[in-house]
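To keep things clear, I will list the structure first and then write my remarks on it.
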Amino acid sequence: MSHTKELPQQDTSEHRYNKITRYLEMLHLHPLANLTVDEACAVRDLIKSAHSNAVIEFREIGMREPSKQELVPFLELENSGKLTQSTLYPLRLAYCHYDTVGPDKIPVYREAVVDIAARQVIQSEIVSKTFHASLTLAEFETAIRIIHESTMYKEALAELELPVYIEPIVEPWPYGALETDDKPGRYFQGVIYGKDTRSGNADTNFYAFPIPLLPIVDYYRQKVVRVIKLATGGIGDSLSATPIEKNVLDHCTPAEYAPELIPNGTRRDFKSLDVTQPSGPSFKVTDESLVEWQKWRFRVGWTSREGAVIHDVRYDGRSLFHRLSISEMYFDAFVVKPDGQVERQPNVICLHEQDNGIGWKHTNWRTGRAVVTRNRELVVQFILTLANYEYIFAYKFNLAGGIDIEVRATGIVSCVNIDAGKASEYGNIVNPGVLAQNHQHIFAVRIDPAIDGHRNTLIQEESLQVMMNEKTNPSGNFYQVVNKVIKQSSWADAMPMNNRIFKIVNPSKKNPTSGKPVGYKLITPPTQLLLADPDSKQAKRAKFAQHHVWVTKYRDGELWAAGKYPFQSDAEVGGVHEMVARGDDIENEDIVVWSVFCLTHNPRVEDWPVMPVETHHVQLRPSDFFTGNPSIDVPSVANNTSQLVGPITCC
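In this text, residue positions in the sequence shown follow full-length UniProt numbering: the first is 1, and each later residue adds one.
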């Protein structure tokens with residue numbers, strides 16, 4: 001292995017020592033450690049040298065997780081304390097997604113895999129033009145510039161004769177599937193709003209002034225190809241745009257959320273509520289990613305598509321989950337700019353403890369003694385802002401061995417202009433001239449279980465009514481618990497009327513008390529799912545959104561419910577629908593469970609100007625995994641800083 005080409009021309013002994021030291025440190029980075037900035041830069045340089053005669057636009061560089069075959073034995077050695085200096089680490093690999101641009105100016109999308117230690121590109125492919133890479137912030141910025149510079153867009157704006165104090169704002173959006181008259185290519189759209197500059201405040205809410213224009217950008221040709229004039233009518237009016245009135249914003253009014261702009265200011269009787277930990281937190285973070293807290297142990301990683309990823313989850317030394325992730329969202333921990341410059345994004349993950357009320361309590365009414373504990377949680381949280389919307393994602397670990405995967409939606413609802421005095425069946429009027437559209441948010445959580453090992457089974461459990469009979473139910477108050485083993489990859493739906501839940505069990509390990517297989521139960525939100533017509537492009541692109549639960553046999557690289565390339569797709573390719581279609585045997589196998597849920601949002605006036613959070617939880621709870629309540633040993637400690645307010649008597 002030679003690194004000669006990586007060394008500077010004037011190679012001092014001190015420099016050689018530093019290079020060797022960094023190399024040895026890299027060799028002993030944990031296999032799940034995120035790429036360092038130095039590693040990302042090394043990958044960038046290798047790709048540049050491989051295409052020395054081409055223009056390269058970088059999209060993403062990240063750590064490629066080791067295969068399970070390599071990783072699991074390493075983790076078992078680590079958790080049993082048997083790692084030694086001679087332990088072989090899995091190959092440390094990185095992926096790089098990038099475009100090369102030739103004389104025709106049309107980008108060619110490529111994906112490469114790099115062996116970091118060997119400084120070699122070990123895999124490289126040109127991705128079919130059928131698929132599109134995920135969008136980047138740089139593309140959004142370019143799309144905004146193209147729109148602002150477009151003569152076609154400027155002429156459409158001029159026709160509206162907007163007031164001089166209105167500054168047009170472009171919100172870039174993904175385009176979705178191509179229309180029938182679109183040429184093959186990569187497209188973006190710009191949703192246009194008007195910023196009222198009279199306040200002189202950069203944070204004034206421009207969403208209160210929607211402008212009914214929608215420019216479409218052909219990114220390959222770097223131009224606006226058309227400007228759609230949006231309909232502003234209401235019930236009974238045509239979906240086609242009529243000539244837009246020049247006073248299109250006259251009936252719109254400000255709606256501010258920045259504290260200094262709220263007309264009557266913020267509340268003055270709102271007193272502080274401080275949470276303090278005078279002895280410090282109860283959690284410990286080592287090796288940059290290893291978290292230990294109250295018998296929990298796991299690693300926190302990061303990917304640009306999934307955000308925070310939870311690896312190798314254990315409780316009191318026992319294996320629970322190999323990997324937990326949000327399957328369908330996009331984030332960044334460090335940003336690789338098109339020219340290859342690497343910029344770290346600090347504080348993308350928040351780790352904190354919080355109190356969530358009573359954990360458990362019992363009062364012995366004979367003695368009057370109450371024993372009560374608090375339900376403290378450890379929260380791994382990250383937030384994504386997508387133009388107008390914010391999504392808050394959190395993994396919550398509690399003292400009783402449970403995990404909640406929480407999604408909260410907030411931000412500003414997507415809105416368009418509507419004529420004064422009109423209503424619409426497509427949404428609700430939330431401010432004069434502002435129509436907030438009915439819409440759905442669909443999420444998928446990927447659960448890679450390892451319940452006391454990697455050979456698991458999914459069981460569907462229902463609680464069913466039993467008709468009164470003399471033999472088994474003479475009084476009519478008995479109900480039957482029915483368990484169905486899911487033997488082949490398939491899907492299922494929530495059914496709250498049957499109390500349907502799903503258990504992930506290890507058939508080879510029995511609970512010493514109940515005799516049942518040790519397991520964890522999955523409680524998925526019984527929400528509405530995708531409402532789009534089955535023949536629509538939306539439905540074809542999101543087949544994963546047809547069912548609440550999917551279970552598939554594990555394969556390396558199958559991480560995304562909607563497939564690897566959902567951007568601007570016509571159909572879901574490589575998603576859970578195709579994984580299930582294989583018909584794999586999944587009983588007592590290495591399985592993956594996917595939980596899908598939806599927020600159907602029919603906006604209300606109270607969602608304006610900023611929407612209060614809407615929350616959904618996926619719950620994972622131990623089910624015959626322990627020999628009792630694992631939080632029974634949590635101390636019952638009174639909070640000495642609490643003060644009783646009012647009379648001593650209480651209801």
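All C-beta atoms in this analysis are idealised placements derived from N, C-alpha and C, irrespective of residue type, glycine included.
Where the alpha helix (DSSP H) through residue i begins and ends
i	result
Cys41	37–50
Pro171	Reading the sequence as shown, one finds Glu at residue 171 and not Pro. Taken as a continuous stretch (DSSP letters only), Glu171 belongs to no alpha helix (DSSP H), being part of the beta strand (DSSP E) at 166–174.
Leu71	68–79
Glu589	Here Glu589 belongs to no alpha helix (DSSP H), and DSSP marks it neither H nor E.
Met63	Counting along the chain, Met63 falls outside any alpha helix (DSSP H), though it belongs to the beta strand (DSSP E) covering 55–64.
Gln480	Note, Gln480: premise wrong, no alpha helix (DSSP H); beta strand (DSSP E) at 479–486.
His352	Premise fails: His352 lies in the beta strand (DSSP E), 350–364, not in any alpha helix (DSSP H).
Val605	Careful: Val605 lies outside any alpha helix (DSSP H) and carries neither H nor E.
Residue i, enclosing beta strand (DSSP E) - first and last residue
i	result
Leu160	Here Leu160 belongs to no beta strand (DSSP E); instead the alpha helix (DSSP H) covers 151–160.
Ala112	107–115
Lys195	187–196
Val285	284–286
residue 653	Residue 653 falls outside the range modelled here, since the chain spans only 1 to 651, and no answer is possible.
Ala581	Segment 576–581 is the alpha helix (DSSP H) holding Ala581; no beta strand (DSSP E) there.
Ile244	It is not in any beta strand (DSSP E) - Ile244 carries neither H nor E in the DSSP assignment.
Thr253	No beta strand (DSSP E) holds Thr253; DSSP gives it neither H nor E.
Pro215	213–218
Asn438	Segment: none, Asn438 is in no beta strand (DSSP E) and carries neither H nor E.
Glu462	457–465
Distance, residue j Cα to residue i Cα
i	j	result
Ile169	Arg408	27 angstroms
Glu6	Tyr554	Only weak support exists for where Glu6 lies, its pLDDT of 28 falling under 50; the coordinates are left without a value.
Ile632	Val342	48 angstroms
residue 678	Ser240	Summary: the structure shown does not reach residue 678, with the chain confined to residues 1 through 651, and so no result is reported for it.
Pro526	Phe597	7 angstroms
Val380	Tyr153	43 angstroms
Gly401	Cys415	42 angstroms
Pro212	Asn417	6 angstroms
Ala532	Tyr89	47 angstroms
Met467	Val481	14 angstroms
Glu155	Val101	31 angstroms
Asp452	Ser134	36 angstroms
Ile405	Lys396	6 angstroms
Val576	Val445	12 angstroms
Arg374	Ser623	21 angstroms
Ala94	Gln69	18 angstroms
Leu46	Val605	54 angstroms
Asn588	His454	9 angstroms
Leu522	Gln619	6 angstroms
Ala33	Pro263	49 angstroms
Gly563	Glu139	22 angstroms
Leu162	Glu390	30 angstroms
Burial state of residue i (16 or more Cβ within 10 Å)
i	result
Thr12	The pLDDT assigned to Thr12 is 40, lower than 50, so where the model puts this residue is not dependable; a value taken from the coordinates is nonetheless given after this. The residue is exposed, with fewer than 16 neighbouring Cβ atoms inside 10 Å.
Ser489	buried
Val413	buried
Tyr165	exposed
Thr136	buried
Pro566	buried
residue 652	Given that the chain is displayed from residue 1 to residue 651, the structure contains no residue 652 and the question cannot be resolved.
Thr21	In this predicted model, Thr21 has a pLDDT of only 43, less than 50, meaning its place in the structure is not dependable enough to derive any value.
Cys252	buried
Tyr520	buried
Ala112	buried
Met497	exposed
Val593	buried
His28	exposed
Leu508	Correcting the residue identity first, residue 508 is Ser in this sequence and not Leu. Exposed, because fewer than 16 other Cβ atoms sit within 10 Å of the Cβ of Ser508.
Val637	exposed
Ala450	buried
Pro635	exposed
Any non-hydrogen atom of the ligand MG closer than 6 angstroms to residue i Cβ
i	result
Asp556	With respect to the ligand MG, the structure offers nothing, as it holds no ligand at all.
Mind the definition here: the stretch 360–371 touches the stretch 282–301 only if three or more C-beta pairs lie below 8 angstroms; say whether that holds. With the cut-off at 8 angstroms, the stretch 360–371 and the stretch 282–301 do not touch.
Evaluate contact between the stretch 488–508 and the stretch 540–558, counting only Cβ atoms and requiring at least three cross-stretch pairs below 8 angstroms. Three or more beta-carbon pairs separated by less than 8 angstroms link the stretch 488–508 to the stretch 540–558, which places the two stretches in contact.
Cβ contact check for the stretch 141–152 and the stretch 348–366: 3 or more pairs under 8 angstroms: No, the stretch 141–152 does not touch the stretch 348–366.
Quick test of the definition: if touching needs 3 or more C-beta pairs under 8 angstroms, does the stretch 568–584 touch the stretch 425–436? Here the stretch 568–584 makes no contact with the stretch 425–436; the two share fewer than three CB pairs at distances below 8 angstroms.
Enumerated in chain order, which unbroken segments of the beta strand (DSSP E) with a length of 3 residues or greater are wholly contained in the stretch 501–563? Listed in chain order, the complete beta strand (DSSP E) runs (minimum 3 residues) inside the stretch 501–563 are 501–510, 517–523, 549–553.
Scan the stretch 362–390 and note each continuous alpha helix (DSSP H) run of 4 residues or more that stays entirely inside, going in chain order. Correct list: empty.
Does the stretch 188–205 come within contact of the stretch 216–230, defined as at least 3 CB pairs closer than 8 angstroms? The stretch 188–205 is in contact with the stretch 216–230.
Does the stretch 33–47 come close enough to the stretch 71–91 that 3 or more CB-CB pairs lie under 8 angstroms? Using a Cβ-Cβ distance cut-off of 8 angstroms, the stretch 71–91 and the stretch 33–47 are not in contact, since fewer than three pairs of beta carbons, one from each stretch, lie closer than that value.
Within 8 angstroms, do at least three Cβ pairs link the stretch 348–356 to the stretch 298–317? For the pair of segments examined, the stretch 298–317 was found to touch the stretch 348–356: the number of CB pairs separated by less than 8 angstroms reaches three.
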